[in-house]
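Trainee:
Residue numbers (full-length UniProt numbering): 1 to 419.
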């Protein structure tokens, strides 16, 4: 992603003053940077509208996962700009820094030109956490997921191994666009083969648990939830595109696992995608609950000072979801968990002057139904169409419950601004 506006195409129907052009350039650079760090359409458009208005610009915006279209000026005499962008991946630390830059420009502590320069510096800065830390976060998230799914010590150890392999693949393949496009199916293939080999060596191992645990960081549960949120907020184009993106990733993961299953069968190992519910020891659950939000915070490149609030948000959301599920069922449990996480995130955003999404994104990951979607896809690939459809319907219900909780929280305790 470039840091200048040289590749933005303008369609000009009216002359603009130097100040207007400076403000427009800042808004466009801000929009492109926010988009690249995973801001969903409804938040991005609201943020750009707010910034434009406070800079004295009459701006209208349309964003999709791959483009940003902006129009400045009164209808009938507008100057338009269009940017082709790649789908963003959340980087919470840089998102918070961009929010701070926008606030300084709006308070006149920085000029729009200075703000654009600061945005370019933020974009060019390296990631906060290097490859070794990212691999460790993949390992920890896989271990915690295996524990949450009732895996015993052997399952957790196997999940750690597979999570480490997936993390190393992510570090290597995500460096280039060409290789990043095949990350999901290749990771699923490697995971299934490793799970099959380990299952053959240790028959007591729960192959399904270690498979989903190893892939947990790639399962598009958050993408699905964001898509449903965009659709619920009437951002239909972006929501539909993001929904199809989530469906495609599920298909890629399912294909990779199915192929890996066949290859692993050559080693006399069979996959069994059935989960026998087990009681998770309280100590294991507490450890996993303490480590998983922090691992997600690292994967999403959060600032170190935000990791403890992220941990608290994750714990609150888990407790809310568990309490709601015990009283009203799984769907309403997800609703209460999302309500608690979003309310806490909005309160912290208002108190500490930071974007609510910094806490919301890692906190909500403990609730998103990505593993259910993966189970649905594997059921369909195993010719259990009815079971797959039932599971997919359950996934959609849980996603909508989370969206309802987020929207209600924003109504009851609004965040200080769009981000």
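Cβ atoms here follow ideal geometry from the backbone N, Cα and C, with glycine treated the same way.
Note that the coordinates shown come from a computational prediction; the quantities given were computed from them, not determined experimentally.
Determine the DSSP secondary structure at residue 68, reduced to helix, strand or coil.
Mentor: Start at 1 with the first residue of the chain shown, and residue 68 comes out as number 68. Reduced to three states, the DSSP call for residue 68 is strand.
Trainee: Could you pull the start and end residues of the alpha helix (DSSP H) that residue 43 belongs to?
Mentor: Position 43 of the chain shown, counted from the start, is the residue given in the question as residue 43. Counting along the chain, the alpha helix (DSSP H) containing residue 43 begins and ends at 41 to 54.
Trainee: Below 8 Å, how does it come out for the region 98 to 111 and the region 157 to 172: are there three or more Cβ pairs, yes or no?
Mentor: They do not touch, by the three-pair rule.
Trainee: What beta strand (DSSP E) runs, 3 residues minimum, are completely inside the region 313 to 361?
Mentor: Runs found: none.
Trainee: Looking at residue 27: is its Cβ nearer than 8 Å to the Cβ of residue 57?
Mentor: One-based indexing of the chain shown puts residue 27 at position 27. One-based indexing of the chain shown puts residue 57 at position 57. Against a cut-off of 8 Å, the Cβ pair of residue 57 and residue 27 comes out as a contact.
Trainee: Could you pull out every residue in the same chain whose Cβ sits closer than 7 Å to the Cβ of residue 211, ignoring the five residues on either side in sequence?
Mentor: Counting from 1 along the chain shown, the entry for residue 211 is found at position 211. Around residue 211: 191, 192, 195, 257.
Trainee: Out of 119, 98, 214, 117, state which residue places its alpha-carbon closest to the alpha-carbon of residue 149.
Mentor: Here residue 149 is taken as the residue at index 149 of the chain shown, counted from 1. Of the listed residues, the one whose Cα sits closest to residue 149 is 214.
Trainee: Where residue 121 and residue 97 are concerned, what is the direct C-alpha to C-alpha distance, given to the nearest angstrom?
Mentor: The residue labelled residue 121 in the question sits at position 121 within the chain shown. The residue labelled residue 97 in the question sits at position 97 within the chain shown. Computed Cα separation, rounded: 11 Å.
Trainee: Can you tell which of 197, 186, 157, 175 has the C-alpha that lies nearest to the C-alpha of residue 166?
Mentor: As a working mapping, residue 166 is identified with position 166 in the chain shown. With distances taken between Cα atoms, residue 166 lies closest to 186.
Trainee: Measure the CB-CB distance between residue 222 and residue 340 and report whether it falls below 8 Å.
Mentor: In the chain shown, residue 222 corresponds to position 222, counting from 1. In the chain shown, residue 340 corresponds to position 340, counting from 1. Going by C-beta atoms, residue 222 is not nearer than 8 Å to residue 340.
Trainee: Using the rule of at least 16 other Cβ atoms within 10 Å of the residue's Cβ for burial, across every protein chain shown, is residue 37 buried or exposed?
Mentor: Translated into positions along the chain shown, residue 37 becomes position 37. So residue 37 ends up on the buried side.
Trainee: Return the bridge partner residues of residue 63 from the DSSP annotation.
Mentor: Start at 1 with the first residue of the chain shown, and residue 63 comes out as number 63. Residue 63 pairs with 68.
Trainee: Using only alpha-carbon positions, find the residue among 314, 312, 415 that is nearest to residue 351.
Mentor: Within the chain shown, numbered from 1, the residue matching residue 351 stands at position 351. Out of 314, 312, 415, 415 has the C-alpha closest to the C-alpha of residue 351.
Trainee: Give the secondary structure of residue 301 by DSSP, where H, G and I count as helix, E and B as strand, and everything else as coil.
Mentor: Taking the chain shown and counting its residues from 1, the one referred to as residue 301 is at position 301. Coil at residue 301, not helix or strand.
Trainee: Going by beta-carbon coordinates alone, are residue 324 and residue 335 separated by less than 8 Å?
Mentor: By one-based count along the chain shown, residue 324 stands at place 324. By one-based count along the chain shown, residue 335 stands at place 335. Cβ atoms of residue 324 and residue 335: closer than 8 Å.
Trainee: Pick out whichever of 227, 45, 158 has its Cα sitting closest to the Cα of residue 199.
Mentor: Sequence index remark: in the chain shown, residue 199 carries index 199 (1-based). The candidate whose alpha carbon is nearest that of residue 199 is 158.
Trainee: Roughly how many whole angstroms lie between the Cα atoms of residue 79 and residue 87?
Mentor: The count along the chain shown starts at 1 and reaches residue 79 at position 79. The count along the chain shown starts at 1 and reaches residue 87 at position 87. Using only the alpha carbons, I get a separation of about 25 Å.
Trainee: Can you tell me whether residue 389 is buried or exposed, with buried defined as 16 or more other CB within 10 angstroms of its CB?
Mentor: Residue numbering aside, residue 389 sits at position 389 when the chain shown is read from its first letter. Under this definition residue 389 is an exposed residue.
Trainee: Excluding sequence positions up to five away, which residues of its chain have a Cβ less than 7 Å from the Cβ of residue 204?
Mentor: Position 204 of the chain shown, counting from 1, holds the residue named residue 204. Taken in chain order, the residues that qualify are 154.
Trainee: Report buried or exposed for residue 208, applying the criterion of at least 16 other Cβ atoms within 10 angstroms of its Cβ.
Mentor: Here residue 208 corresponds to residue number 208 of the chain shown, with the count starting at 1. When all chains shown are included, residue 208 counts as buried.
Trainee: Return the bridge partner residues of residue 283 from the DSSP annotation.
Mentor: As a position in the chain shown, residue 283 is number 283, starting the count at 1. In DSSP, residue 283 forms no bridge with anything.
Trainee: Please report the straight-line C-alpha distance between residue 35 and residue 44, rounded to a whole angstrom.
Mentor: Looking up residue 35 in the chain shown gives position 35. Looking up residue 44 in the chain shown gives position 44. Between residue 35 and residue 44, the C-alpha separation is close to 7 Å.
Trainee: What distance in whole Å lies between the Cβ atoms of residue 348 and residue 293, which are believed to be in contact at a cut-off of 8 Å?
Mentor: Here residue 293 is taken as the residue at index 293 of the chain shown, counted from 1. Here residue 348 is taken as the residue at index 348 of the chain shown, counted from 1. Not a contact, Cβ separation roughly 14 Å.
Trainee: Spatial neighbours of residue 404 within its chain, please: C-beta separation below 7 Å, excluding the five flanking residues on both sides.
Mentor: Here the question's residue 404 lines up with position 404 in the chain shown. Excluding sequence neighbours, residue 404 sits near 335.
Trainee: Taking buried to mean at least 16 other C-beta atoms within 10 Å of its own C-beta, is residue 398 buried or exposed?
Mentor: Start at 1 with the first residue of the chain shown, and residue 398 comes out as number 398. Buried, since its Cβ has 16 or more Cβ neighbours within 10 Å.
Trainee: Rounded to a whole number of angstroms, what is the C-alpha to C-alpha distance between residue 107 and residue 69?
Mentor: Locating residue 107 in the chain shown gives position 107, where the first residue counts as 1. Locating residue 69 in the chain shown gives position 69, where the first residue counts as 1. About 26 Å.
Trainee: Please report the distance separating the alpha-carbon of residue 343 from that of residue 407.
Mentor: Here residue 343 refers to the residue found at position 343 when the chain shown is read from its first residue. Here residue 407 refers to the residue found at position 407 when the chain shown is read from its first residue. Using only the alpha carbons, I get a separation of about 10 Å.
Trainee: Just to confirm, is the Cβ distance from residue 226 to residue 40 under 8 Å?
Mentor: Taking the first residue of the chain shown as 1, we reach residue 226 at position 226. Taking the first residue of the chain shown as 1, we reach residue 40 at position 40. Cβ distance < 8 Å, so residue 226 and residue 40 count as in contact.
Trainee: How many Å lie between residue 53 and residue 59 at the Cα?
Mentor: Counting from 1 along the chain shown, the entry for residue 53 is found at position 53. Counting from 1 along the chain shown, the entry for residue 59 is found at position 59. Computed Cα separation, rounded: 7 Å.
Trainee: If you count every other CB in all the chains shown that lies within 10 Å of the CB of residue 119, and 16 or more means buried, which is it?
Mentor: To locate residue 119, count along the chain shown from 1; it is residue 119. Flag for residue 119 reads buried.
Trainee: I need the DSSP call for residue 273, collapsed to helix, strand or coil.
Mentor: Counted from its first residue, the chain shown places residue 273 at position 273. Its pLDDT being 46, under 50, residue 273 is placed unreliably by the model, and the measurement read from it follows with that caveat. DSSP places residue 273 in coil when its eight states are reduced to three.
Trainee: Are residue 82 and residue 67 touching if we call contact CB-CB under 8 Å?
Mentor: Taking the chain shown and counting its residues from 1, one reaches residue 82 at position 82. Taking the chain shown and counting its residues from 1, one reaches residue 67 at position 67. Closer than 8 Å, so yes.
Trainee: Is it the case that the Cβ atoms of residue 421 and residue 197 are separated by a distance below 8 Å?
Mentor: Missing from the structure shown is residue 421; the chain here goes from 1 to 419 and no further.
Trainee: Classify residue 179 as buried or exposed, calling it buried when 16 or more other Cβ atoms lie within 10 Å of its own Cβ.
Mentor: By one-based count along the chain shown, residue 179 stands at place 179. With fewer than 16 Cβ atoms within 10 Å of its Cβ, residue 179 is classed as exposed.
Trainee: If I follow the unbroken beta strand (DSSP E) through residue 83, where does it start and stop?
Mentor: Here the question's residue 83 lines up with position 83 in the chain shown. Its beta strand (DSSP E) spans residues 79 to 84.
Trainee: Does the beta-carbon of residue 177 have 16 or more other beta-carbons within 10 angstroms, so that it is buried, or is it exposed?
Mentor: In the chain shown, the residue the question calls residue 177 occupies position 177. Answer is exposed; the Cβ neighbour count stays below 16.
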